[in-house]
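Colleague:
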Ligand SMILES: O=C(O)CCC(=O)C(=O)O
Ligand SMILES: [Fe+2]
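Residue numbers (the working numbering): 343 to 843.
1. Thinking C-alpha only, which one of 772, 486, 759, 410 is nearest residue 636?
2. Cα separation between residue 678 and residue 454?
3. Would you say residue 657 and residue 754 are within 8 Å of each other, going by their C-beta atoms?
4. CB of residue 665 to nearest heavy atom of ligand 2: below 7 Å?
5. Between 716, 558, 554, 626, which has its C-alpha nearest residue 537's C-alpha?
6. Please determine, among 685, 706, 708, the residue with the shortest C-alpha to C-alpha distance to residue 724.
7. Less than 7 Å between C-beta atoms, sequence neighbours within five positions excluded: which residues of the same chain meet that for residue 602?
8. Could you tell me which uninterrupted alpha helix (DSSP H) segments, each at least 4 residues in length, are contained entirely in the region 525 to 611, listed from first to last along the chain?
9. Just tell me which of 717, 711, 513 has its CA closest to the CA of residue 692.
10. Got a sec? Which residues, its chain only, sit under 8 Å from residue 695 by beta carbon, not counting five neighbours each side?
11. Distance, Cα to Cα, residue 554 vs residue 765?
12. Thinking residue 670 and residue 727 are a contact (beta carbons under 8 Å), I'd like their distance in whole angstroms, please.
13. Under the three-state reduction of DSSP, which class applies to residue 746: helix, strand or coil?
14. Give the straight-line distance between the Cα atoms of residue 548 and residue 447, rounded to the nearest whole angstrom.
15. If you count every other CB in all the chains shown that lies within 10 Å of the CB of residue 698, and 16 or more means buried, which is it?
16. Roughly how far, in whole angstroms, is the beta-carbon of residue 645 from the beta-carbon of residue 509, given that I think they are within contact range, below 8 Å?
17. Quick one: Cα of residue 423 to Cα of residue 413, how far?
18. Between 458, 634, 714, which lies nearest to residue 542 when the distance is taken from Cα to Cα?
19. Would you list the one or two residues that DSSP bridges to residue 522?
20. Would you call residue 815 buried or exposed, if buried means 16 or more other Cβ atoms sit within 10 Å of its Cβ?
21. Of all the beta strand (DSSP E) runs that stay within the bounds of the region 745 to 797, which reach a length of 3 or more residues?
22. In whole angstroms, what separates the C-alpha of residue 586 from that of residue 782?
23. Can you give me the C-alpha to C-alpha distance between residue 546 and residue 713, rounded to a whole angstrom?
24. When you compare only the Cα positions, how much space is there between residue 600 and residue 594?
25. Does residue 716 come out as helix, strand or coil in the three-state DSSP assignment?
26. Is it the case that the CB of residue 680 approaches a heavy atom of ligand 1 more closely than 7 Å?
27. Name the one or two DSSP bridge partners that residue 651 has.
28. Could you tell me the alpha carbon to alpha carbon distance between residue 768 and residue 437, rounded to whole angstroms?
29. Please find out if some non-hydrogen atom of ligand 1 comes closer than 7 Å to the beta-carbon of residue 710.
30. Under 8 Å, do residue 652 and residue 612 count as touching if we go by C-beta distance?
31. Residue 493: which of 502, 483, 501 sits nearest, CA to CA?
32. Using the Cα positions of residue 663 and residue 745, report the straight-line distance between them to the nearest angstrom.
33. Give me the Cα-Cα distance between residue 747 and residue 434, rounded to the nearest whole angstrom.
34. Would you decide whether residue 626 is buried or exposed? Buried here means 16 or more other CB atoms lie within 10 Å of its CB.
35. On the DSSP bridge assignment, give the partners of residue 672 in chain order.
36. So, helix, strand or coil for residue 508, using DSSP?
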C-alpha cells in the first residue's frame, strides 16, 4: 500500500498489463487441482497459504485456447458489456452494500463483478471510521458490521465458480493478491552497507552526495529491538487507535486483520502521532546519531508530520513515491524485513507517471504488479536502481528526491523519520516556496505559509545560517561552472591549440 505520508497523491493507474496465463496443462492433467497448485505459464508461483476466492476468473488470453468462444463476462453484463472492467467496477463503486448484493444475483457476470473484494473494502473503509473487525473477507466484514446477528462464516466461502469468465483486470487483481515474491525480485542487493562509521563519514560520503546507504548496528541500544513484538504492543497499546489508510483502528483489531489479509494492497498502519498517543513507544527508540540535526524542530508543534510507526503484514508496503517536502528520511526495521528499490531523482521509475506539476503520480495498481510488469526492464537501464533487503536491526538512509518502493517480506514493524539538516535546508526552503505549495507541501495544515514560518524560525534560532549556506552553494556552483584546463583546450579545427598524441 502507498505510504500515506507521501507528498505525491497517488492516482491508481488502473489500466493493467495483460496478466500471464494459467498453466492450463496442469488443469487438464489433473482436474482436481485448485488455484493453489498452479503456477502460471510465465512461471509465477502462488502463495502456499489458501488463496483468496477467484470465482473461476481466467485471463482473457485463455479464451483463445478455449474450445468455445463464449465469455460469460459479456453475456451476463447485457448492454454494458462494451465497458471496460475498470469502468464497470467504477460504476459499481457508486452502489451501497444492499444494492451490490441484489445486483450480484442478476447474472453470473454480475455475481463475479459484485463480489470483487475491493468494492467491499471501500464500503467498509468509507463507513467504519472507527475501525472494523475483519472476518476473513471484506464482504463478510461489511455484512458483520451491518448485521451483527447474521452468521457471516459462509458469506465468503460459498464462492461459486463461474465457467468461461475471462477478464484480465479481475484475474490480475486476484493473481497479485496471491502471488509469492519471486526469488529474482529479491536477489539484487547493491546498496552500500556501513557499520560503525563516524557522523563525518556519513555526511561526506552519503548525505552530501545524496546517496542511499544501509547502516548496520546502530539500533543495538534501542529498547524497542528487545521489547517490540505483537504481544508487547498489544499489551501496551492494543486498545489505542492508530491511522490505517483513511481510518483509525485499534491496534489489536489491525493485527486480527493482518493475520488474515490476502489482498493486492494490504492495509498498512502508518501513524504520525503514535508517540503522542502512546508516549512509551516514543521512549523505546532514539534517533541514530547520523540524523541528529532536525531543523524542522524550530517550528515546535507547527512542524509538519515527521515520524511514523509503520506496521504491516507481509505483502504490504509503499508504492513508488518521493518523500514529502523534499526532506530526507531514515527507516529502521524493528521486526521483519523490507525489500527496497530506489531510483535517483533524475530517473523516473518505469511504469510511474508523475504529473507535470509533480503533485500527483500515476502508477501500477500494486507493488506486486510493478514487480511483475516493470522490474525486469530495470535490468537493462543504464542507471540501475539501488536495491536491498533491510532486515531487523538495520536502517536505510533515503536521500531527498529519491523515488522509492518498499514491500514487507514478512510481518514488519518499523520506525521512520523525515528530517532537514543543513545539507538539505536550502532544498527544502526552495520546495516550500514553489508556486503550487498549497498542493505540494504535506503533513501540515498551513501549507502556504510554511516556507515563511520556517525561514523566520531558522533565522531566529540559527542567525546567519541561511546566508552562509547560500554563499557556499553559490561558490560551489561557480566552481562547477569554472572551465577546467581541459575545457580551455580548443580543437585545432576551430583555430585553437590541440594536443596530438
Ligand atoms: O513502507 C515503508 O516502510 C517505507 C516507508 C517510506 O516510504 C519511508 O520510510 O520513506
Ligand atoms: Fe518514503
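Idealized CB from N, CA, C, for every residue including glycine.
Modeller: Quick look at the numbers:
1. 759
2. 35 Å
3. no
4. yes
5. 558
6. 685
7. 476, 478
8. 525 to 528, 541 to 544, 565 to 569, 572 to 579, 593 to 602
9. 717
10. 355, 703, 704, 705
11. 14 Å
12. That belief does not hold up - the Cβ atoms of residue 670 and residue 727 are roughly 18 Å apart, past 8 Å.
13. strand
14. 59 Å
15. exposed
16. Contact doesn't hold; Cβ gap of about 47 Å is too wide.
17. 10 Å
18. 634
19. Paired residue(s): none; residue 522 is not in a bridge.
20. exposed
21. 745 to 750, 754 to 761
22. 22 Å
23. 33 Å
24. 10 Å
25. coil
26. yes
27. 613, 757
28. 48 Å
29. no
30. yes
31. 483
32. 5 Å
33. 30 Å
34. buried
35. 739, 759
36. strand
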